[in-house]
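Below: one structure, written as structure tokens.
4 protein chains.
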Amino acid sequence: MPRLEPVVEDAPRGRPRDPRRREAILAAAIALVAEVGYDRMTVDALAARAGVSKPTIYRRWPGGKSEIIVDAIRAKRADGGTLPDTGTLRGDLIAYIRGATEGFDPHVAAGLIMQLQSSPELEALFREEVVCDEAARFESLLTRAAARGEIGEGVVTPLFADIPGSIIFTRSLIRNEPIDDAFVEELVDRVLLPILPVKKEQAPHVV
Amino acid sequence: MPRLEPVVEDAPRGRPRDPRRREAILAAAIALVAEVGYDRMTVDALAARAGVSKPTIYRRWPGGKSEIIVDAIRAKRADGGTLPDTGTLRGDLIAYIRGATEGFDPHVAAGLIMQLQSSPELEALFREEVVCDEAARFESLLTRAAARGEIGEGVVTPLFADIPGSIIFTRSLIRNEPIDDAFVEELVDRVLLPILPVKKEQAPHVV
Amino acid sequence: MPRLEPVVEDAPRGRPRDPRRREAILAAAIALVAEVGYDRMTVDALAARAGVSKPTIYRRWPGGKSEIIVDAIRAKRADGGTLPDTGTLRGDLIAYIRGATEGFDPHVAAGLIMQLQSSPELEALFREEVVCDEAARFESLLTRAAARGEIGEGVVTPLFADIPGSIIFTRSLIRNEPIDDAFVEELVDRVLLPILPVKKEQAPHVV
Amino acid sequence: MPRLEPVVEDAPRGRPRDPRRREAILAAAIALVAEVGYDRMTVDALAARAGVSKPTIYRRWPGGKSEIIVDAIRAKRADGGTLPDTGTLRGDLIAYIRGATEGFDPHVAAGLIMQLQSSPELEALFREEVVCDEAARFESLLTRAAARGEIGEGVVTPLFADIPGSIIFTRSLIRNEPIDDAFVEELVDRVLLPILPVKKEQAPHVV
DNA sequence: GTTTAAGCGAGACGGTACGTCAGGTCTTGTT
DNA sequence: AACAAGACCTGACGTACCGTCTCGCTTAAAC
């Protein structure tokens, strides 16, 4: 009679990895990059800040800094993903953009972007986990608005979903200006809403 | 009799700098960054590729890699800066975007962006020389269109001028997809023209 | 009712140590040092070779590598310690030197010597257990010869007892030449016997 | 007519190595090994002590510590190589041994010996430069004594030349006792002179 | 035509960080 | 409690790159 339950096929042997180490390292990584920038962050400093030794870092992220940052960003996105629901498309868009911009840090973003260029697998990972997910969230906002009759249907293309993120990147990384309420409202009222087939007049849009 | 006018007080004594060195270095810099990425480009490799010694590089760009890259981008923009004039706003926009995207390289752009985060003076320099200039070129396109009566006047804000560049950055650096004609036309027809107060119908814009 | 006599107060509780571990580790240590040299032998490799885990090693030899090697050498000397008795001093000396040189390995010896320099307690231990013991063995050889009337009495000083070992060290560690029969005979006939107050002519000793 | 003098065939290009660096490093190496022992000397400490950077060390001695020590010993022997001449063989021997023992340090010697075991080329180098040279010096002492009629001729074999060094090694590295005058005299009177075919009575040699 | 100041290639140099390796300790679960 | 496995900290390793410096040579303007 065969064994029916070989459930745990590979029993983890030896001392298990301390999960607190992981959290400490990722948090320290985000903090350090935000403070001094990606390329001025050293692994030694990261280890010291996280209260951890270098080998422990390289044991978990053999790829070094770049791997850590991508992982940290992913982990950060994991907590905090409720879709706003204000009742109107305009309110939803503003709330959505504010939410997505919350923990945004130019240093972190710039470091990430550069690493994406030199690691196809990193880039694929990031696109799947972050970009597509963000696009889906944006789309559900619009779908909900269409259900309410605010706009027509089927208007989301990759191009549309990229607009908010793109403009925020430029604003923050290149113009180095803050993402304040005035800017977000201008973005929504003068760019996003006008290019959607709005059924009811919502923003006056006087030039 | 005393010399009355030492007119050119900073008469260059000694051997003058060989201008060919500069070109060789800038070209090698662009090529190298495009090949291996900004942070994997070493100054030694740059010197070897340009057939030049390291002191020669640092004598001209004391700031090192970042300075060189900004200078290279600026130099590249210098040749090829005629404003397109196709007769219609749509044609101008497409031609303008195509032109600006010509020699665009993701590696170079990503490296530049990261350096901007950690050097305020570099960032100021770049904003003045490139961002503002580009905005001005974009504005003159619209002004011309307004003069032709295609659109209203005074519609250019920093936000508007940033849109094309922003979207192209995202497309290239994050989505890693090519900037082809179809994309440029979609960008113009579905985003740029709709948010301008177009007077005549130009693109059908059927959803 | 109180316990009156916990006679064996250090009753070994729990699982007793497996004696086979000790042998395996010592054997592996000697083999590894002989193969790659003392400082290139790693404890991990030692553990792997002995089929044992690192904590098992450190539980028994808290001092690490150096302690293990000294212990291994001592253990090796333990088996094989019968004094030769050939009837003549010359024969005894030759047999004694051959025996002492049996398992001699330059790597092991060199590693041991270096460790002795940086650990006084190790050095004391080794001197007591090995050096003095060897001197005693050498002395009893001479005492026996004196009883036979071959030589005078009271000729053994630390200096005398050190000579054979010293020369063998140099021969093996510095000159890197083998300790063969010809060499041992030359050592006995040209050095050891001449400096002892021999009563009967034994070795012709023609120069 | 051929050029008679192509003397400087390969002109040294670039900045020449600063010879003071070499001296500083070798001196620091000897000092450090003597202080803390070979295996506890770190390259970082060596660099700090010599006021030099690590790459400078590895540029000159790619083999690391072992190469440096051998080089240092060789350099040290270079200065201070006059043969003693006291008029008698006994005086010469004592002076010679004292001289050779002058800067002798157990730590340095032990480190060297261990390194010799794991680098055949190092070992060959050392044997040529030091061992053979020392043997030659010893031989010329005896040759001079033979010319004076103190001893017979042709008595030097590798074995003889090794005796003083061997015994000193053991005395210092294993017994850890000082090489004082009493010891040197005992060595000369009780070992070296007796095994040479002395013609005149020189040392009473009472047992 | 000298002089002379600078450009220039080569490469040593101090410094900083890298990613790795080994020693020795500690924490699991198992025997 | 011993044991195997392996995570962990510490500290040193040897290397890579940066930006500076010192050479000896070349070049062109100034004298």
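Each protein sequence line maps, in turn, to chains A, B, C and D.
For the first sequence, this note's numbering begins at 5 and goes up steadily by one.
For the second sequence, this note's numbering begins at 5 and goes up steadily by one.
For the third sequence, this note's numbering begins at 5 and goes up steadily by one.
For the fourth sequence, this note's numbering begins at 5 and goes up steadily by one.
By construction, the Cβ of each residue, glycine as well, lies at the ideal position given by its N, Cα and C atoms.
Review point. If we call anything under 7 Å between Cβ atoms a contact, is A:R214 one with A:V56?
Key: Missing from the structure shown is residue 214 of chain A; chain A here goes from 5 to 211 and no further.
**Study point:** Environment of B:L196 [buried if 16+ CB atoms lie within 10 Å]
**Key:** buried
Check your understanding: Residues of chain A with a CB under 7 Å from the CB of B:A114: which are they?
Key -> I117, M118 and Q121
Review point. When Cβ atoms are compared, which residues of the stretch 53-66 of chain B fall closer than 8 Å to chain A?
Key: none
Exercise for review: Tell me, to the nearest whole angstrom, how far the beta carbon of A:F173 is from that of B:T174; I am working on the premise that it is less than 8 Å.
Suggested key: 7 Å
Exercise for review: Could you have a look at D:D193 and say whether DSSP puts it in helix, strand or coil?
Suggested key: helix
Practice item. Taking a Cβ distance cut-off of 7 Å, strictly less, list which residues of the stretch 29-53 of chain D are near chain C, in chain order. Key: G41, Y42, D43 and R44
Check your understanding: A:G169 versus chain B: which residues are under 7 Å apart at the beta carbon?
Key -> T174
Review point. Quick one: what does DSSP say A:T86 is sitting in, helix, strand or coil?
Key: coil
Practice item. Tell me whether D:P16 is buried or exposed, calling it buried when 16 or more other Cβ atoms sit within 10 Å of its Cβ. Key: exposed
Check your understanding: A:L191 to A:Q121, Cα distance in whole Å?
Key -> 28 Å
Review point. Going by the beta-carbon positions, is the gap between D:I171 and C:S170 smaller than 7 Å?
Key: yes
Point to revise | Segment contact, 8 Å Cβ cut-off, at least three pairs: the stretch 123-134 of chain C with the stretch 149-159 of chain D | key: no
Practice item. Pull up the CB-CB distance for D:K58 and D:D48, whole angstroms please, since I reckon it's below 8 Å. Key: 7 Å
Review point. Short check: CB of C:R78 to CB of C:E133, under 7 Å?
Key: yes
Exercise for review: Using a Cβ cut-off of 8 Å, pull out every chain A residue sitting near B:I73, in sequence order please.
Suggested key: Correct list: empty, because the minimum Cβ distance to chain A is about 12 Å.
Point to revise | Neighbour flag for A:P88 against chain B, beta carbons, 7 Å | key: no
Practice item. Under 8 Å between beta-carbons, which chain D residues line up against C:R93? List them in chain order, please. Key: Arg is not the amino acid found at residue 93 of chain C; the sequence shown has Leu there. Within 8 Å Cβ-Cβ: nothing; C:L93 doesn't reach chain D, min ~16 Å.
**Study point:** Buried or exposed (CB count within 10 angstroms, at least 16 for buried), D:D185
**Key:** exposed
Check your understanding: Between which two residues does the alpha helix (DSSP H) carrying C:P162 extend?
Key -> P162 to F173
Practice item. Starting from A:R141, find everything on chain B with Cβ-Cβ shorter than 7 Å and list it in chain order. Key: Under the 7 Å cutoff, chain B gives no residues; its nearest Cβ is about 16 Å from A:R141.
Practice item. Check the Cβ of C:R179 against every Cβ in chain D and list those closer than 9 Å, keeping chain order. Key: R131, V135, P162 and D166
Point to revise | Beta-carbon proximity of A:L30 to A:A82, cut-off 7 Å | key: no
Review point. Using 8 Å as the threshold, is the stretch 142-154 of chain A in touch with the stretch 136-152 of chain B, meaning 3 or more CB pairs across them?
Key: no
**Study point:** Span separating the alpha-carbon of D:A114 from that of C:R179
**Key:** 15 Å
Review point. If you drop the 5 nearest sequence neighbours on each side, which residues of the same chain put their C-beta closer than 7 Å to that of C:A51?
Key: S57, K58 and I61
**Study point:** Where A:G18 falls, given that 16 or more other Cβ within 10 Å makes a residue buried
**Key:** exposed
Review point. Whole alpha helix (DSSP H) runs in the stretch 91-139 of chain D with 4 or more residues, listed along the chain?
Key: 93-105, 110-121 and 124-130
Exercise for review: Could you tell me which chain C residues have their CB closer than 8 Å to the CB of D:R148, listed as they occur along the chain?
Suggested key: Here the premise fails: no neighbours, minimum Cβ distance about 18 Å.
Point to revise | For B:E71 and B:V11, the rounded distance between their alpha carbons | key: Note that B:V11 scores a pLDDT of 44, beneath 50, so its modelled location is shaky; the value from the coordinates is reported in the next line. Distance between the alpha carbons of B:V11 and B:E71: 32 Å.
Exercise for review: Grab the span of the alpha helix (DSSP H) containing D:E181 for me, first residue to last.
Suggested key: That residue, D:E181, is in no alpha helix (DSSP H); it is neither H nor E in DSSP.
Check your understanding: Considering only the beta carbon of each residue, do C:S176 and C:P110 sit closer than 7 Å?
Key -> yes
Check your understanding: Near C:F187, what residues of its chain come up, given a Cβ to Cβ distance below 8 Å and the 5 sequence neighbours on each side ignored?
Key -> R175 and E181
Point to revise | Same chain, Cβ closer than 6 Å to D:P168, five either side skipped, listed in chain order | key: I101
Review point. What are the boundary residues of the alpha helix (DSSP H) that includes D:V40?
Key: P23 to V40
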